[in-house]
Amino acid sequence: MRWLLQARQRKSASQSHVNQAASSSNVRQQSNSSSSGGSTGQTRQPADQQKPRVLLSRWRIIFGCCCLSIACYFGYLGYLETRVNTPFDDQKMVQRSGLNDPERYWGSYRPGTYFGMKTRDPHSLVMGLMWYSPSRLGPGGDGIRHWCELSDKMDKYGWLQHDGRSFGVQEIHDGPLKVETSFVKFPGGRFGGDWTARVTVRSENPQMMDEEVSIIWYTALDEKTGGYINPIRTDMASGIRGDTPGLGDFTLTLYNTNGTVMDESYLSTMAGSLQYLRETITSNLRITQNRDLQRKFISLAGEVLKTNTGSMVEPNFIAHQMTVRLPFTLDIVYHSEDSSEQIQHDFVPMTGDAYLEILNEKRRGFSEKFEKKFHLQAKGYSVKEIRFAEAALSNMLGGIGYFYGASRVQSVHTKEPVPYWKAPLYTAVPSRSFFPRGFLWDEGFHGLLISTWDLDISLDIVAHWFSLMNVEGWIPREQILGVEALAKVPEEFVTQRNTDANPPTILLLLNRILTRFPGELKTKGRLATLDRIFPRLQAWFTWFNTTQRGDQPGTYRWRGRIENSLRELNPKTLTSGLDDFPRSSHPNDKERHVDLRCWIGFAAKVLADLARLLGRDDSKYLETFYYLSDNALLNEFHLSPYTETYSDYGLHTDSVVLKRPQLKPPSAHSKPPRQPPVQEMQRVTLKSPEMRYVDSTFGYVNLFPLLLEILTADSPYLGKILKDIRDPNGIWTEYGLRSLSKTSPLYMKRNTEHDPPYWRGQIWININYLALKALYHYGSQPGPYSELARSIYVELRHNVVNNVIRQYHRSGYLWEQYNDKTGEGSGCYPFTGWTALTVLIMAEQY
């Protein structure tokens, strides 16, 4: 803006000079006319009278420039405020979505529910399953199963097989009940075709064969779906008929395929929001008398379409409930009526044995493709181990959701959070119960597995993520889109700040695609997808390289740490993805983070490789990669001379503890409280910090020069890291590499009075995957440490795979993390995000 202001000032001054010259010329002409005898009636003004006018003209210019400067200043501030929620550009990143991709239009894209169906339409209607045992229904609807909740204490649930496109089979163990859900799609027509879903409920306990269960299948519109839905109830079947802009005319019919229906009811009403569907059911349950059976049932209330003012409304929520005796099978048939007349005439609902035959054919095809992709049978794995691997992959694919909404974001230029633009996101989720939403740092790891199974699904997910980039080159690290996703997130984590980064793990995925699937990139327009993404990758890299740079060239630090935290033993670094992993004790702008430096160096290499593939200039990224991978420079900034480990550098002391503040004694004139208030523990620094290497800590962060293969194969410090890895008193365990060495001061220490340790000793599979990938790499490179790397690789791979499979069969789940002493799963479950990378470890596909 400064050059623009100077140009305008020069232009104004030049114009003033021209005006003054013209004025002088007029005066001279008048004088000449007078002397030649002309009669003009004017006389020349004295110089002392011209001076005030010249000064007034100059003051006007100065005043005008000041006004322009102020306007430019406030305009620039307004521009800065809008940058945080301004899209990168108008180019459409996702070319095939919604009705442009009918094969994937419908899907199980509601991972936060036990079973739900929706379309890849921003304003899709949603369908889903609820169930409960009437004998165990508690107050407030306690006992109704709908959203995946840890509090439900399910013995087991998850997809056994799911191909990400056309079918899925899921098993749910709810106490004595075994619920199996499945679906098969039949694409066709303009609106994605038809599908059949099946819900089978039986009891694992022979003594409960007469147990009654209420099954609810519902359909709901959100506030902007448009169209209508109405219930259908006949002697032959029940269901709904509807019409929406994204589906055209359709019907949904419920078929009792096997078992006895004791009572059937429905609800047609207005639900306040998609997040309150279970509450809508609960508030509309009634006790009814069945005259034929001479007994009472808990039933739905029928049509409830009057508002508080007595006016009638159209329903946006319809639920059908069947109270049944076990075993029972319900088939749900969705039929799109927007097909050709011949298809409509020939339509036969796919139910009963016909459905089962098609489902079994899909399952056989899945197993054949799985073996072709991963070769586990050829590697000698047992049938039980292969079933585990199929389930791990299927839960990753079955955990892909489709979300729509706007994030809440904030920058240093906005006083309050502001809404991002509304956008869709097609993404896998880390955990259906605890994290049923998109996470930027997780998604790169997810893609490593998804791309091996279906490259196009993986590229589609990447394109959706990069469509969320703003003009600054920033992508919000956590995507909380839509009311259902928002309902699962504490308020303190909703706002995303544009200073906060996350590891660029999507580049791990792109690197894998470039190295493992170069031939496949030349078909189906995949190179064109990468070409559209590339400018955004460049902007992303530039954003990292500017906003996260350190105080010296070649150094970097994660933003987002709280410098004066009183509650935290060691201020968290959430943006690094490693949350409470110990960094320097007193954050400041002089600290240097070794993992971030390695991420930027790795990113430069991937961008150079991709630029070369796309025929673009790769020189800038190659130069950056060579600079950041220079081992001598890495040693200068991050190698501790005392421990010979790669470490962070910053203002640090190990002498910090959490203590409870002492209460002030009451004054002589006040009465002591009956129960003194308990004050939260606060951090106390026992020894002044100093600028130093954080080398008393050893764990995942210290491994990054190895994990991202920055070290050369002949580096003596590679040998040192390998020996440190294998030390049982350090990070080595029989179950995998623990996140923090047992000798580190903060090993398994709580970070606050209320926050248990998270990355302070537990075993995480994503980092173990990177470690195995790196060991595999160094073991295959000529060098003095290749044999040691191979030896550690074989042992670590055995430990990780055996423990994850053992804990799956013991508990029924893949877990967020694993205990470093017992190997047992810990954290949230099911966590079939990056823990599912165990499949790639089994297949040795890095």
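Every letter in the sequence shown is one number past the one before it in the working numbering, and letter 322, counting from 1, is 729.
Backbone N, C-alpha and C define an ideal beta-carbon position, used for all residues, glycine too.
None of the values given here were measured: they were computed from a predicted structure.
Residue i to residue j, Cα distance in whole Å?
| i | j | result |
| --- | --- | --- |
| LEU733 | PHE593 | 29 angstroms |
| THR1229 | SER991 | 30 angstroms |
| LEU661 | GLY646 | 6 angstroms |
| ASN637 | TRP624 | 14 angstroms |
| LYS769 | GLU778 | 15 angstroms |
| ASN977 | ALA1178 | 26 angstroms |
| GLN436 | ILE469 | Caution applies to GLN436, whose pLDDT of 40 falls short of 50 and renders its modelled position unreliable; the value that the coordinates give is listed next. Cα to Cα, the separation comes out at about 31 angstroms. |
| GLY1219 | PRO1237 | 9 angstroms |
| MET803 | LYS979 | 29 angstroms |
| GLY535 | GLY519 | 11 angstroms |
| ASN877 | GLY514 | 29 angstroms |
| GLN422 | CYS472 | The predicted position of GLN422 is uncertain, since its pLDDT is 45 and thus under 50; no value can be drawn from it. |
| GLU970 | GLU998 | 12 angstroms |
| THR1239 | ASN1173 | 11 angstroms |
| THR1242 | ILE887 | 22 angstroms |
| ILE765 | THR626 | 25 angstroms |
| LEU1203 | ASN1209 | 10 angstroms |
| GLN427 | LYS499 | Confidence is the limiting factor: at GLN427 the pLDDT is only 42, short of 50, which leaves the residue's position unreliable and the question unanswerable from this model. |
| PHE852 | ALA835 | 10 angstroms |
| GLU975 | LEU1093 | 15 angstroms |
| THR651 | ARG511 | 18 angstroms |
| LEU763 | THR736 | 12 angstroms |
| SER1026 | ILE1199 | 36 angstroms |
| THR1245 | ARG572 | 22 angstroms |
| ALA1015 | HIS727 | 56 angstroms |
| GLU587 | GLU611 | 12 angstroms |
| ILE639 | ASP699 | 23 angstroms |
| LEU893 | GLU899 | 12 angstroms |
| ILE857 | VAL711 | 44 angstroms |
| ARG1067 | LEU1147 | 26 angstroms |
| PHE1044 | TYR1107 | 18 angstroms |
In the DSSP output, which residue or residues are listed as bridge partners for residue i?
| i | result |
| --- | --- |
| ALA946 | ALA946 is not bridged to any residue. |
| GLY808 | THR834 |
| MET1098 | LEU1058 |
| GLU619 | ARG732 |
| VAL576 | GLN568 and SER589 |
| ASP581 | LEU584 |
| THR906 | Bridge partners of THR906: none, in fact. |
| GLN498 | DSSP, once it has assigned bridges, lists no residue as partnering GLN498. |
Can you tell me where the beta strand (DSSP E) with residue i in it begins and where it stops?
| i | result |
| --- | --- |
| MET537 | 533 to 539 |
| GLY967 | Unbroken run through GLY967: none, as it is neither H nor E. |
| ASN637 | 635 to 640 |
| GLN817 | 815 to 817 |
| LEU1065 | 1063 to 1066 |
Of all the options the options, which has the alpha carbon lying nearest to the alpha carbon of residue i?
| i | options | result |
| --- | --- | --- |
| LEU1129 | GLU1141, SER972, LEU1147 and GLU1194 | GLU1194 |
| HIS580 | GLY600, ARG609 and TYR788 | ARG609 |
| GLY984 | HIS1000, ASN995, ASP996 and LEU1118 | HIS1000 |
| ARG1099 | ILE887, VAL1064 and THR1060 | THR1060 |
| VAL501 | PRO911, ILE868, ILE1170 and LEU1058 | ILE868 |
| LEU1058 | THR667, HIS993, LYS703 and THR1242 | HIS993 |
| VAL816 | GLU975, TYR827, LEU1153 and PHE810 | TYR827 |
| ILE920 | LEU1017, ARG1067, GLY957 and GLY889 | LEU1017 |
| PHE1105 | LEU1065, ARG1167, ARG1157 and TYR1142 | ARG1167 |
| SER818 | ILE864, ALA908, GLY806 and TRP848 | ALA908 |
| SER680 | ALA1181, GLU891, MET669 and ALA1011 | GLU891 |
| LYS631 | LEU532, ASP938 and PHE842 | LEU532 |
| GLY575 | ILE1007, GLY772, VAL1085 and GLU823 | GLY772 |
| PRO494 | SER874, ALA644, GLU619 and GLN784 | SER874 |
If you follow the alpha helix (DSSP H) that residue i is part of, which residue opens it and which one closes it?
| i | result |
| --- | --- |
| ARG770 | 759 to 781 |
| ASN1042 | 1038 to 1045 |
| ILE1008 | Looking at the sequence provided, one finds Gly at residue 1008 rather than Ile. Here the alpha helix (DSSP H) through GLY1008 covers 1001 to 1020. |
| ASP1131 | 1123 to 1132 |
| ARG1204 | 1193 to 1218 |
| LEU1246 | This sequence places Val at residue 1246; Leu is not what is there. Counting along the chain, the alpha helix (DSSP H) containing VAL1246 begins and ends at 1245 to 1250. |
Does any heavy atom of the ligand ATP sit closer than 7 angstroms to the C-beta of residue i?
| i | result |
| --- | --- |
| ASN971 | What this structure holds is no ligand at all, so the ligand ATP is not there to describe. |
Beta strand (DSSP E) runs wholly inside the region 669 to 723, at least 3 long, in chain order: 692 to 697, 702 to 707 and 709 to 711
Which whole runs of the alpha helix (DSSP H) in the region 824 to 890 are 4 residues long or more, in chain order? 847 to 860 and 862 to 873
Pick out the complete alpha helix (DSSP H) segments inside the region 1140 to 1188, 4 residues or longer, and give them in chain order. 1172 to 1186
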